[in-house]
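Residue numbers (the numbering used here): 1048 to 1431. Okay, structure first, notes after.
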């Protein structure tokens, strides 16, 4: 497939106009942080909470509006954001937290080639072995806000505290462990409460159970639909109790699609897909293929020959030129991307049953690619 063809098969990435990395710079600009601005006109009061619901794709919310009446009531005035590539949690959270596109911050997928040449899992990497500040060297939006006198708060599962990803994406804001939905509601509302000396607040609240349910059961399942109703109640409990002078923004890190079992391809069972390959990273719908020295051209040809309908297969140079990672890729980040990229446009997936944990091959709902179901998320606003 040629380098010119992918844009016809994917959603609009919208970096710099309506992408997830544009959100916090726009918020900081409206909170009066010097040097900060963004393209989103949000009309915010001085105390703002961002609720990120992992896996809440815009198209999913629209299809199941009856199960989420509170969130759907906000859709007529909502914005639409494109999360960027790849449409996956580690990349999107870092895009949100830094206000930078993936090609600038360098957290480029669920897994990447790490500094020692092995696969680095971006969700679970050990911060004592790979320094988050070296792996992602830019100031976060929270560091920039705090330096300007904005009170910054963060709420989510305590297991994220001290992780490499948290240090890369949310450096500068201590994580206040909040495990249950009730804890998240109470903590968020408390952070937004008017109090002496609390002139400006930026709070970040993370909820992950919708994504986890979709991965295990699929977004077509009864379990996922019931979980969406819980998300709706969580947002409603915050949005309807906002203190005066505060606002709630609800968004997500990606959507999700259910995989087709007959479209799963096991790379480890197909010798032609392993020939010349040194390392496989990324994830099932957005694969990075690292070739052995001198083998990149042959690997690209073999993967293009095998993956035709329902796939886009590009060289790294073609993907960068197409703007998948943003307007510019930091040259220091280039080795984290494979020599070849394979991206699903249908319901297919690429698993590796011998070289990756079997858990990944068992997932039903997935994301990572550039279909609109994965790429587009809502930006919902409530103001007290």
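Note that beta-carbon positions come from the ideal geometry of N, C-alpha and C, so glycine has one too.
Assigned secondary structure, residue i (DSSP; H/G/I helix, E/B strand, else coil)
{"i": "residue 1292", "result": "coil"}
{"i": "residue 1351", "result": "helix"}
{"i": "residue 1168", "result": "strand"}
{"i": "residue 1060", "result": "coil"}
{"i": "residue 1048", "result": "For residue 1048, the pLDDT reaches just 33, beneath the cut-off of 50, and the residue's location in the model is therefore unreliable, leaving the point undetermined."}
{"i": "residue 1411", "result": "coil"}
{"i": "residue 1142", "result": "helix"}
{"i": "residue 1304", "result": "strand"}
{"i": "residue 1311", "result": "strand"}
{"i": "residue 1134", "result": "strand"}
{"i": "residue 1342", "result": "coil"}
{"i": "residue 1094", "result": "strand"}
{"i": "residue 1054", "result": "With a pLDDT of only 43 at residue 1054, under 50, the local geometry of the prediction cannot be trusted, and no value is derived from it."}
{"i": "residue 1268", "result": "coil"}
{"i": "residue 1247", "result": "coil"}
{"i": "residue 1416", "result": "coil"}
{"i": "residue 1208", "result": "coil"}
{"i": "residue 1430", "result": "strand"}
{"i": "residue 1075", "result": "helix"}
{"i": "residue 1174", "result": "coil"}
{"i": "residue 1155", "result": "coil"}
{"i": "residue 1035", "result": "Past the boundaries of the shown model lies residue 1035; the chain is included only from 1048 to 1431, so the question cannot be answered."}
{"i": "residue 1460", "result": "Residue 1460 falls outside the range modelled here, since the chain spans only 1048 to 1431, and no answer is possible."}
{"i": "residue 1261", "result": "helix"}
Spatial neighbours of residue i in its chain, beta-carbon cut-off 6 angstroms, leaving aside the 5 residues before and after
{"i": "residue 1165", "result": "none"}
{"i": "residue 1064", "result": "1086"}
{"i": "residue 1126", "result": "1426"}
{"i": "residue 1415", "result": "1133, 1134, 1135, 1330, 1332, 1333"}
{"i": "residue 1141", "result": "1152, 1154, 1215, 1216"}
{"i": "residue 1220", "result": "1189, 1199, 1201"}
{"i": "residue 1429", "result": "1286, 1295"}
{"i": "residue 1031", "result": "Lying before the first or after the last residue shown, residue 1031 is absent from the chain, which here runs from 1048 to 1431."}
{"i": "residue 1024", "result": "Because the chain is modelled from 1048 through 1431, residue 1024 falls outside the range shown and cannot be assessed."}
Residues of its chain near residue i, where Cβ-Cβ distance is below 7 angstroms and the 5 sequence neighbours each way are ignored
{"i": "residue 1161", "result": "1167, 1177"}
{"i": "residue 1174", "result": "1209, 1210, 1211, 1214"}
{"i": "residue 1234", "result": "1202, 1223, 1225"}
{"i": "residue 1053", "result": "Confidence at residue 1053 is low in this model, with a pLDDT of 43, below 50, so its placement is unreliable and the value that follows should be read with caution. So the qualifying residues of the chain are 1359, 1361, 1369."}
{"i": "residue 1069", "result": "1063, 1085, 1086, 1087"}
{"i": "residue 1346", "result": "1323, 1324, 1336, 1338, 1386, 1387"}
{"i": "residue 1393", "result": "1310, 1357"}
{"i": "residue 1342", "result": "1323"}
{"i": "residue 1048", "result": "Low local confidence applies: a pLDDT of 33 at residue 1048 is under 50, so the model's placement there is unreliable, with the coordinate-based value given in what follows. Correct list, in chain order: 1351, 1359, 1360."}
{"i": "residue 1055", "result": "The predicted position of residue 1055 is uncertain, since its pLDDT is 42 and thus under 50; a value taken from the coordinates is nonetheless stated next. Nothing meets the Cβ criterion."}
{"i": "residue 1265", "result": "1271, 1305, 1411, 1412"}
{"i": "residue 1080", "result": "1191, 1192, 1195, 1197"}
Nearest residue (CA-CA) to residue i, options the options
{"i": "residue 1362", "options": "1385, 1356, 1373, 1374", "result": "1385"}
{"i": "residue 1210", "options": "1198, 1196, 1137", "result": "1137"}
{"i": "residue 1408", "options": "1396, 1417, 1418, 1415", "result": "1396"}
{"i": "residue 1224", "options": "1198, 1251, 1272, 1359", "result": "1251"}
{"i": "residue 1113", "options": "1089, 1092, 1081, 1276", "result": "1276"}
{"i": "residue 1135", "options": "1354, 1154, 1411", "result": "1154"}
{"i": "residue 1159", "options": "1184, 1147, 1133", "result": "1133"}
{"i": "residue 1301", "options": "1096, 1095, 1108, 1079", "result": "1108"}
{"i": "residue 1274", "options": "1092, 1100, 1305", "result": "1100"}
{"i": "residue 1236", "options": "1156, 1264, 1373, 1292", "result": "1292"}
{"i": "residue 1282", "options": "1290, 1272, 1297", "result": "1297"}
{"i": "residue 1144", "options": "1180, 1218, 1181", "result": "1218"}
{"i": "residue 1216", "options": "1430, 1151, 1400", "result": "1151"}
{"i": "residue 1095", "options": "1249, 1197, 1400", "result": "1249"}
{"i": "residue 1244", "options": "1231, 1197, 1186", "result": "1197"}
{"i": "residue 1227", "options": "1206, 1405, 1186", "result": "1206"}
{"i": "residue 1122", "options": "1279, 1182, 1344, 1253", "result": "1279"}
{"i": "residue 1231", "options": "1377, 1098, 1179, 1081", "result": "1098"}
For residue i, the residue or residues it bridges with in DSSP
{"i": "residue 1099", "result": "1253, 1298"}
{"i": "residue 1335", "result": "1328, 1388"}
{"i": "residue 1361", "result": "1388"}
{"i": "residue 1202", "result": "1223, 1252"}
{"i": "residue 1127", "result": "1425"}
{"i": "residue 1368", "result": "According to DSSP, residue 1368 bridges with nothing at all."}
{"i": "residue 1432", "result": "Look at the range of the chain in this structure, 1048 to 1431, and you will see that residue 1432 is not part of it."}
{"i": "residue 1065", "result": "Its beta-bridge partners do not exist; DSSP assigns none."}
{"i": "residue 1160", "result": "1166"}
Chain B contact for residue i (CB, 8 angstroms cutoff)
{"i": "residue 1156", "result": "As a matter of chain content, chain B is missing from the structure shown, which is built from one protein chain."}
Same chain, Cβ closer than 8 angstroms to residue i, neighbours up to 5 away in sequence not counted
{"i": "residue 1073", "result": "1084, 1085, 1086, 1087, 1088, 1089"}
{"i": "residue 1128", "result": "1061, 1065, 1066, 1067, 1069, 1070, 1298, 1423, 1424, 1425, 1426"}
{"i": "residue 1092", "result": "1292, 1293, 1294, 1430, 1431"}
{"i": "residue 1290", "result": "1094, 1236, 1239, 1240, 1241, 1431"}
Three or more C-beta pairs below 8 angstroms linking the stretch 1304-1315 and the stretch 1110-1118
By the Cβ criterion, the stretch 1304-1315 is not in contact with the stretch 1110-1118, since fewer than three pairs of Cβ atoms, one from each stretch, lie closer than 8 angstroms.
Any contact of the stretch 1370-1384 with the stretch 1343-1357, i.e. 3+ C-beta pairs under 8 angstroms?
Taking 8 angstroms as the limit for Cβ pairs, the verdict is that the stretch 1343-1357 does not touch the stretch 1370-1384.
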